[in-house]
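Residue numbers (my numbering), protein chains in the order written: chain Z, 91 to 473; chain X, 91 to 473.
Positions of the beta carbon are idealized from the N, C-alpha and C atoms, including for glycine.
Remember, it's a predicted structure, so these values are computed and weren't measured experimentally.
Below: the structure, in structure tokens.
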């Protein structure tokens, strides 16, 4: 297999885009990525998206977006893995270049959640859980995460404030990211008094619904020339799965898919957690950050929250996460999020992260989860 | 890139499966394919599906089906390209094996259209068209095809009866296929007096809505041993696109995506249309068969219908299509259909098609279309 590099990135701001359609958001991100990569053509396009059908009445996004960006005719497909579709699309794009099939591949993630013609967004997001055994009983997606957080606090004797650092770090970092949805830092007092969504998860433990698109241009590393100084190599690209339903897991407090895809990625890249300078975790809820840190090997079991309390998750810490705001504050346009994470990892490795720059960042890892980590796509980028 | 072979196939009957859920249908097809291939493990699973979210409230089918078939943990993703998602999933599975990444890959297509918790099926199927510029005006998917058929008849001076052979051939062949939805042949009289759906398309020009799942097991050709005598090689796997909206096409009566993906496939396999012994076309409507035969190079422009009238599309003809019933009579569980076509091509090349066997079939082509051929996935199989 050939080595693959990211040679261009593009992002739109995540927010409630009442004046832009899904195709317009995707087009903007893709054209920016192509401009950044100095390419005017591509062989294939893969789109990460979860809910275009349910919420905007539009399927076949691959062909639609290929046409909109002026590339009518090229291979184009949509990849879906619930909230992890962005990471899934990147993985397929990686395979398409690594295989030798294509020399220029565009990966985009695009999602429009705030303008729905058909159903409501909360009900649609619950389609990431098991329809026959979980959502049929009326439980929402945040409520499933609340069950985990409650049990986690009981097992490890924690209180909600022990999770505060994850939200504070995300909002502090988003303040410096022009593509982020929430650009104001928050205080511990605000966190403590935040409105409850599904006890014990408050609104400041939850990533927001938003619209947005991000894009990447991939090429074979060997084909890069002197003009590609800002290219970043993809050292690993892996996907692993778990049961959708929480009750079917041997140990609901352990994210097996995260562990499995992380371990495969470490092996592929030849690194260990200690080598990772930036970890863009899937912080859809504070509890997901904590459990991801453990399953990915950055903290002992039951000790993930302590990394936050001890200040180790900030850009200056030992395991910087959510360095551009994360899902929590950059925003979480579900199927697009995995592509935003990759664009942010590239930004860090290019040394272009401004006030959020992680010093001497050389190896970055992103993790895109679908459902309650029923699907985990892990990517490791090396400068 | 490595050569890839299909080493196992599995199918459920297409019908209204009121007693089986989407996951049960997929599980049945996958387990049958694994049994046929004599494998008890796989590295990855790709699922073709269009409407699981809209109609059954379930996304993240990749992880769900991997778990259901006893392969929890493996890489799994859903691929969507409207009605062409089955062909798209097969293409991704092909890339995953060809790249050298995986040695055993399962491709499944699964769709449940007749039992909807959320929306109605006709409205959901219209999501294959352009939501902002076509369906917003209220046009259904069959009506879009009716516009094409009306214009085609005007341009080439044809009447509806000129299309009859496509429906008669499909139903005659389905009679011998245990997996088909409609197993009774039809007569010309029945065709002439069939109820209109969207003038000039009648119910006997339209493929039926149905539930079903099919599956394939793919392995590197070089890894096959003496036990794999029934393996069939994938000589080409291509995808091409067109605009979703008909009004945006330079020539709405020419299926560019079909032409493009066919030409790429012929080049990859080193064959011409003359070498194709079996062509499983995407006969969602009679007009689609006719236009596909032209764009794929089997008939001159405006002459596709004549292949039917002259008896050349039957298993004994020059260009056998819909040899196991096609979308028209086997049934069209949209995202699953492309995988059924591949399973049928393999059946023909194995010489196991019974009364529908195409004599000396050695090269088979399948074509899976999304929207009005906004997406075309073409595969060529060689025995």
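*If you draw a straight line from the C-alpha of residue 282 of chain Z to the C-alpha of residue 300 of chain Z, how long is it?*
The alpha-carbon atoms of residue 282 of chain Z and residue 300 of chain Z are separated by roughly 24 Å.
_Chain-ordered neighbours of residue 217 of chain X on chain Z, where CB pairs are closer than 7 Å_ = 143, 147, 148 and 149
*Short-range partners of chain Z found in the region 341-367 of chain X, where Cβ spacing is below 8 Å*: 346, 347 and 350
*Using the beta-carbon count (16 or more within 10 Å), is residue 131 of chain Z buried or exposed?*
exposed
*Taking the beta strand (DSSP E) that residue 338 of chain X falls in, what are its first and last residues?*
No beta strand (DSSP E) holds residue 338 of chain X; DSSP gives it neither H nor E.
*In angstroms, rounded to a whole number, what distance separates the CA positions of residue 302 of chain X and residue 311 of chain Z?*
Distance between the alpha carbons of residue 302 of chain X and residue 311 of chain Z is about 42 Å.
*Mapping DSSP to helix, strand and coil, what is residue 91 of chain Z?*
For residue 91 of chain Z, the three-state secondary structure derived from DSSP is coil.
*Partner residues on chain Z for residue 124 of chain X, Cβ-Cβ distance less than 8 Å*: What residue 124 of chain X touches in chain Z: nothing, since even the nearest Cβ is about 17 Å away.
*Segment contact, 8 Å Cβ cut-off, at least three pairs: the region 142-154 of chain Z with the region 220-232 of chain X*: Of all C-beta pairs linking the region 142-154 of chain Z to the region 220-232 of chain X, three or more are shorter than 8 Å, placing the two stretches in contact.
*Are three or more beta carbon pairs between the region 341-353 of chain Z and the region 384-399 of chain Z nearer than 8 Å?*
In short, these stretches touch, since the Cβ pair count reaches three.
*Pair within 8 Å by beta-carbon distance, residue 404 of chain X and residue 315 of chain X*: no
*Rounded distance between the beta-carbons of residue 194 of chain X and residue 155 of chain X, thought under 8 Å*: No, residue 155 of chain X and residue 194 of chain X are not in contact; Cβ-Cβ is about 16 Å, not under 8 Å.
*Classify residue 199 of chain Z as helix, strand or coil using the three-state DSSP reduction.*
strand
*Whose CA, out of X/236, X/225, X/117 and X/125, lies closest to the CA of residue 374 of chain X?*
X/236
*With DSSP as the reference, please indicate the residues paired to residue 309 of chain X in a beta bridge.*
X/95
*Measure from the alpha carbon of residue 114 of chain Z to the alpha carbon of each residue in Z/461, Z/304 and Z/206, then state which is nearest.*
Z/304
*Assumed close pair residue 188 of chain X, residue 94 of chain X - CB separation to whole angstroms, cut-off 8 Å*: 5 Å
*On the three-state DSSP scale, how would you describe residue 107 of chain Z?*
coil
*asked:* Quick check on residue 332 of chain X - is its C-beta less than 8 Å from some C-beta in chain Z?
replied: yes
*Between the region 233-250 of chain X and the region 280-294 of chain X, do three or more beta carbon pairs fall short of 8 Å?*
yes
*Assign residue 494 of chain Z to buried or exposed, taking buried as 16 or more other Cβ atoms, counted over all protein chains shown, within 10 Å of its Cβ.*
This structure cannot speak to residue 494 of chain Z, because chain Z is shown only from 91 to 473.
*Does any CB atom of chain Z fall closer than 8 Å to the CB of residue 431 of chain X?*
no
_Range covered by the alpha helix (DSSP H) that runs through residue 437 of chain Z_ = Annotation for residue 437 of chain Z: the continuous alpha helix (DSSP H) segment containing it runs 424-439.
_Run through the DSSP bridge pairs and tell me what residue 331 of chain X is partnered with._
X/465
*Sort X/331, X/202, X/438 and X/428 by Cα distance to residue 174 of chain X and report the nearest one.*
Across the set X/331, X/202, X/438 and X/428, the C-alpha of X/428 shows the shortest separation from the C-alpha of residue 174 of chain X.
*Counting only beta-carbon atoms, is residue 438 of chain Z nearer than 8 Å to chain X?*
no
_Test item: CB-CB of residue 262 of chain X and residue 275 of chain X under 8 Å_ = yes
*Find the residues of chain B that neighbour residue 210 of chain X, judging by a C-beta separation of less than 7 Å, and give them in chain order.*
Annotation note: the requested chain B is absent from the structure, which comprises protein chains Z and X.
*Is residue 192 of chain Z helix, strand or coil by DSSP?*
coil
*Straight-line CA distance for residue 358 of chain X to residue 327 of chain X?*
8 Å
*Using a Cβ cut-off of 9 Å, pull out every chain X residue sitting near residue 163 of chain Z, in sequence order please.*
Going along chain X in sequence order, the residues near residue 163 of chain Z (Cβ under 9 Å) are 330, 331, 332, 346, 347 and 350.
*Could you spell out where the beta strand (DSSP E) holding residue 269 of chain X opens and where it closes?*
No beta strand (DSSP E) holds residue 269 of chain X; DSSP gives it neither H nor E.
_Run through chain Z and tell me which residues come within less than 8 Å of residue 370 of chain X, C-beta to C-beta._
Those do not exist, as residue 370 of chain X stays about 20 Å from chain Z at its closest Cβ, beyond 8 Å.
*Residues bridged to residue 289 of chain X [DSSP beta-bridge criterion]*: In DSSP, residue 289 of chain X forms no bridge with anything.
*In three-state DSSP terms, what is residue 168 of chain X?*
strand
*asked:* Using a 10 Å radius around the Cβ and a threshold of 16 neighbouring Cβ atoms, would you call residue 226 of chain Z buried or exposed?
replied: exposed
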